[in-house]
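Trainee: Following the UniProt record's numbering, the numbering of the sequence shown begins with 1 at its first residue and continues without gaps. What follows is a structure written as structure tokens; I'll ask about it next.
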Amino acid sequence: MLTDVEIAQSTVMEPIKNVAEKIGLTEDDLELYGKYKAKISLETIKKVENNPDGKLILVTAINPTPAGEGKTTTMIGLSQALHQLGKKSIVAMREPSLGPCFGIKGGAAGGGYAQVVPMEDINLHFTGDIHAITSANNLIAAMLDNSIQQGNPLNIDTRQIVWKRVVDLNDRALRHIVVGLGGKPNGVPREDGFDISVASEVMGILCLSTSLEDLKARAARMIVAYNYDGEPVTVDDIHATGAVTLLLKDAIKPNLVQTLDHTPVFVHGGPFANIAHGCNSVMATKLAMKLGDYAITEAGFGADLGAEKFLDIKCRQAGLNPDAVVIVATVRALKMHGGINKKELGTENLEALKKGIGNLTKHIENIKKFGLPCIVAINAFPTDTEAELKLLDDMCKELNVEVSISEVWAKGGEGGIDLANKLLNILETEESHYAPIYSLDMPIDEKIKTIAKEIYGADDVVFTKKAANKIKKFTAQGLGDLPICVAKTQYSLSDDATLLGRPEGFKVTINDLIPNTGSGFLVAISGNIMRMPGLPKVPAANNMDIDEEGKITGLF
């Protein structure tokens, strides 16, 4: 059996200018990065902004498990299937981070015969977007420390610096460090640390910006520290706004690539969903809607994190109105949510599946709370039995939800024809009544409680003293009308990663609140959220190599 990278390498790609022609773009609209990658110019984005909007479809999933769900693969295969049916379909997806790529996950450009290419480039340096974000973030850090070194005119309290440096790798040794050692010429000694680049708020503002001007305004108001009076110090206060925007002038432009069957794909931006809002850029999503009849996009992790933030933060800020949602699940993952060990997933177990289906049921209920029609896509595995698939189908029918068996990993677009046809029928027969789950004028604590109770199924929320004080502080500072971005584990509906399936009778604890004023939301911290991952005992990087002819192996 061919590996994903072998399948990708055996594909004959079309020149990207030919792919662009399919969606009405000419070579003048492109900024080429070789034959098979291009950025879309800002002039072109303005040129098409009055085009009618295509249908917007969100692909989300159940809570992730080690068994795998295949959300990105399903999204790509669905777009390929729509393309085969003669529909103008465009994917808008996130850029992979080097950290997970070299760590546990490996590549992130789909799988099997539902991939985006050139997958090696996409998974590695691509067009340099994440490098630009890293540089912009670290320029802010350098200018902040320089302001302190040069007489500290802003009266910055070095114990209240909240801006960290970043690197796009998993490197646990950098989580907590001391900088400024070696005497007066080397700066003021203080504790510091590194986050992974995709956890930077710079990634957040890039993905939520609607223009270069909007990006500049968002960069200006990012908080980097507090002074001795407890007042926020921003990027604008340290005079870094212009330089930061300059570093991001190309990164803000969406990247155009293609699937294995040459369906157009925009790959742009990628904040993590367990610590940020987990969606690709607004500009790429809007561009897909303006150039295609169907824009297929995804949000990170399960629907409790990614879809909730897509619907409550991204769509609200960007004025997007999604038309339908695809919820991806596998029989294997649902059995794992039902308490079965990964080694036993190949054996039929209807009791475990029935128990685990509760996780899927909750996500279906949640999507309906947003007023959106949905369909369940079962990512097929050879070990799925007829009885297990029938049980899933029966459960979904009870909830009045359509189900489709997706075989896009093995068959590409052909394996998603049934899913595509059923989705098209839903779009024709069911209306979207999209509305966020909470209003912005609700108090901060009530917004958090609404998310926890309505989306996670919690009985209540417990606020630590630190979190309660932050709520009072931010309300007094006029930040009470911002949406909420909950940072919690992705593995459970609760804030406890060990509570699989559909847990009940639990409370969610909020430890802290962080204002992301550039991104335009408050981050509510639940549990110990890792902003700088570490490598596993056997990193994926161990198996990667390149030969003298430039052929890459082991990437995915």
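The C-beta atom is built at its ideal place from N, Cα and C for all residues, glycine as well.
Kindly give me the distance between the Cβ atoms of valine 166 and phenylalanine 194, rounded to whole angstroms, as I take these residues to be in contact under 8 Å.
Mentor: For the purposes of this step, residue 166 is taken as residue 166 along the sequence shown, with counting starting at 1. For the purposes of this step, residue 194 is taken as residue 194 along the sequence shown, with counting starting at 1. Right, their Cβ atoms sit about 6 Å apart.
Trainee: Have a look at proline 232 and arginine 218 and give me their C-alpha separation to the nearest angstrom.
Mentor: As a first step, residue 232 must be located in the sequence shown, where it is residue number 232. As a first step, residue 218 must be located in the sequence shown, where it is residue number 218. In a straight line, the C-alpha of proline 232 is about 15 Å away from that of arginine 218.
Trainee: Look up methionine 336 in the DSSP assignment and say whether it is helix, strand or coil.
Mentor: Translated into positions along the sequence shown, residue 336 becomes position 336. Methionine 336: helix per DSSP, three-state reduction.
Trainee: At which residues does the beta strand (DSSP E) containing glutamine 258 begin and terminate?
Mentor: For the purposes of this step, residue 258 is taken as residue 258 along the sequence shown, with counting starting at 1. That run of the beta strand (DSSP E) goes 255-259.
Trainee: Taking the CB atoms as reference points, tell me whether valine 59 and glutamate 298 lie closer together than 8 Å.
Mentor: Taking the first residue of the sequence shown as position 1, residue 59 is located at position 59. Taking the first residue of the sequence shown as position 1, residue 298 is located at position 298. A contact, by the Cβ cut-off of 8 Å.
Trainee: Under 6 Å Cβ to Cβ from lysine 286, same chain only, skipping five residues before and after it: list those, please.
Mentor: Locating residue 286 in the sequence shown gives position 286, where the first residue counts as 1. Cβ within range, chain order: n/a, list empty.
Trainee: Determine the direct distance from the alpha carbon of lysine 343 to that of isoleucine 252, and round the result to whole angstroms.
Mentor: By one-based count along the sequence shown, residue 252 stands at place 252. By one-based count along the sequence shown, residue 343 stands at place 343. Isoleucine 252 and lysine 343: Cα-Cα distance of roughly 44 Å.
Trainee: Within 10 angstroms of the Cβ of glutamate 43, are there 16 or more other Cβ atoms? Answer buried if so, exposed if not.
Mentor: To locate residue 43, count along the sequence shown from 1; it is residue 43. Label assigned to glutamate 43: exposed.
Trainee: State whether the region 123-142 contacts the region 26-45, with contact taken as three or more CB pairs (one from each stretch) at a distance under 8 Å.
Mentor: yes
Trainee: So what does DSSP say about histidine 432, is it helix, strand or coil?
Mentor: The residue labelled residue 432 in the question sits at position 432 within the sequence shown. The amino acid at residue 432 is misidentified as histidine; the sequence shows serine. Correct three-state label for serine 432: coil.
Trainee: Which term fits tyrosine 228, buried or exposed, when burial requires 16 or more other beta carbons within 10 angstroms of its beta carbon?
Mentor: Within the sequence shown, the letter at position 228 stands for residue 228. When all chains shown are included, tyrosine 228 counts as exposed.
Trainee: How big is the Cα-Cα spacing for isoleucine 7 and glycine 70?
Mentor: Taking the sequence shown and counting its residues from 1, one reaches residue 7 at position 7. Taking the sequence shown and counting its residues from 1, one reaches residue 70 at position 70. Near 17 Å, if we compare the C-alpha coordinates of glycine 70 and isoleucine 7.
Trainee: What's the call for glutamine 258, buried or exposed, on a 16-neighbour Cβ count within 10 Å?
Mentor: Locating residue 258 in the sequence shown gives position 258, where the first residue counts as 1. Burial state of glutamine 258 is buried, judged by a 10 Å Cβ sphere holding 16 or more other Cβ atoms.
Trainee: Beta-carbon within less than 7 Å of alanine 220's beta-carbon, same chain only, minus the 5 sequence neighbours each way: which residues are those?
Mentor: Here the question's residue 220 lines up with position 220 in the sequence shown. Once the five neighbours on either side are set aside, the close Cβ partners of alanine 220 are Thr234, Val235, Asp236 and Thr241.
Trainee: In the DSSP assignment, the beta strand (DSSP E) including serine 79 goes from what residue to what residue?
Mentor: Residue 79 sits at position 79 when you count from the first residue of the sequence shown. Here serine 79 belongs to no beta strand (DSSP E); instead the alpha helix (DSSP H) covers 71-84.
Trainee: How do the region 365-378 and the region 322-330 stand: do at least 3 beta-carbon pairs fall below 8 Å, yes or no?
Mentor: The count of Cβ pairs closer than 8 Å, one atom from the region 365-378 and one from the region 322-330, reaches three, so the stretches are in contact.
Trainee: Out of Ser494, Ile484 and Ala199, point me to the one whose CA is closest to alanine 524's CA.
Mentor: Taking the sequence shown and counting its residues from 1, one reaches residue 524 at position 524. Of the listed residues, the one whose Cα sits closest to alanine 524 is Ile484.
Trainee: Classify threonine 464: buried if its beta carbon has 16 or more other beta carbons within 10 angstroms, exposed otherwise.
Mentor: Along the sequence shown, read from residue 1 onward, the residue named residue 464 stands at position 464. Exposed.
Trainee: Write down the C-beta distance between glycine 99 and isoleucine 177 rounded to the nearest angstrom, noting that I regard them as a contact closer than 8 Å.
Mentor: In the sequence shown, the residue the question calls residue 99 occupies position 99. In the sequence shown, the residue the question calls residue 177 occupies position 177. Contact flag wrong, Cβ pair sits at about 18 Å.
Trainee: Using a threshold of 8 Å, state whether the C-beta atoms of alanine 288 and glycine 269 are closer than that.
Mentor: For the purposes of this step, residue 288 is taken as residue 288 along the sequence shown, with counting starting at 1. For the purposes of this step, residue 269 is taken as residue 269 along the sequence shown, with counting starting at 1. Not in contact: alanine 288 and glycine 269 (Cβ atoms no closer than 8 Å).
Trainee: Return the bridge partner residues of methionine 530 from the DSSP annotation.
Mentor: The count along the sequence shown starts at 1 and reaches residue 530 at position 530. DSSP output for methionine 530 lists no bridge partner at all.
Trainee: Can you check whether the CB of leucine 260 is closer than 8 Å to the CB of isoleucine 90?
Mentor: As a first step, residue 90 is located in the sequence shown; it is residue number 90 there, counting from the start. As a first step, residue 260 is located in the sequence shown; it is residue number 260 there, counting from the start. The answer is no: Cβ separation not under 8 Å.
Trainee: Given that a residue counts as buried once 16 or more other Cβ atoms are within 10 Å of its Cβ, and exposed if not, what is histidine 239?
Mentor: The residue given as residue 239 occupies position 239 in the sequence shown. So histidine 239 ends up on the exposed side.
Trainee: Helix or strand or just coil, what does DSSP make of proline 185?
Mentor: Here residue 185 refers to the residue found at position 185 when the sequence shown is read from its first residue. Helix at proline 185.
Trainee: Measure how close the beta-carbons of isoleucine 57 and isoleucine 296 come, nearest whole angstrom, since I'm counting them as under 8 Å.
Mentor: What you label residue 57 is simply residue 57 of the sequence shown in a count that begins at 1. What you label residue 296 is simply residue 296 of the sequence shown in a count that begins at 1. Their Cβ separation, rounded to whole angstroms, is 5 Å, which keeps isoleucine 57 and isoleucine 296 in contact under 8 Å.
Trainee: Between the C-alpha atoms of residue 561 and glycine 306, what's the straight-line distance to the nearest angstrom?
Mentor: The structure shown has nothing for residue 561, since the chain only spans 1 to 556.
Trainee: Can you have a look at histidine 433 and say buried or exposed, based on whether 16 or more other CB atoms are within 10 angstroms of its CB?
Mentor: Walking along the sequence shown from the start, residue 433 turns up at place 433. It counts as exposed.
Trainee: Return the bridge partner residues of leucine 522 from the DSSP annotation.
Mentor: Here residue 522 is taken as the residue at index 522 of the sequence shown, counted from 1. Beta-bridge analysis with DSSP links leucine 522 to Ile484 and Pro515.
Trainee: Identify the continuous alpha helix (DSSP H) that holds lysine 355 and give its terminal residues.
Mentor: Taking the sequence shown and counting its residues from 1, one reaches residue 355 at position 355. Run containing lysine 355: 350-369, per the alpha helix (DSSP H) assignment.
Trainee: Just list the residues that DSSP pairs glycine 151 with in beta bridges.
Mentor: Taking the sequence shown and counting its residues from 1, one reaches residue 151 at position 151. Its beta-bridge partners do not exist; DSSP assigns none.
Trainee: Name, in chain order, the residues that DSSP records as bridge partners for alanine 329.
Mentor: By one-based count along the sequence shown, residue 329 stands at place 329. Bridge partners of alanine 329: Ile378.
Trainee: Quick check for students: name the residue ranges of the alpha helix (DSSP H) that lie wholly in the region 255-313, counting only runs of 4 or more.
Mentor: 282-291
Trainee: Less than 6 Å between C-beta atoms, sequence neighbours within five positions excluded: which residues of the same chain meet that for glutamate 449?
Mentor: The sequence position of residue 449 within the sequence shown is 449, counting from 1. Checking the displayed sequence, the identity of residue 449 turns out to be lysine instead of glutamate. Answer for lysine 449: Val461, listed in chain order.
Trainee: Going by the DSSP bridge assignment, what does proline 232 pair with across the sheet?
Mentor: One-based indexing of the sequence shown puts residue 232 at position 232. In the DSSP output, where bridge partners are listed per residue, proline 232 has Tyr226.
Trainee: Name the two residues that bound the continuous beta strand (DSSP E) containing arginine 165.
Mentor: For the purposes of this step, residue 165 is taken as the residue at position 165 of the sequence shown. Start and end: 165-167.
Trainee: Assuming contact is defined by CB atoms lying nearer than 8 Å, are glutamate 201 and asparagine 516 in contact in what I supplied?
Mentor: Here residue 201 refers to the residue found at position 201 when the sequence shown is read from its first residue. Here residue 516 refers to the residue found at position 516 when the sequence shown is read from its first residue. In contact: glutamate 201 and asparagine 516 (Cβ atoms closer than 8 Å).
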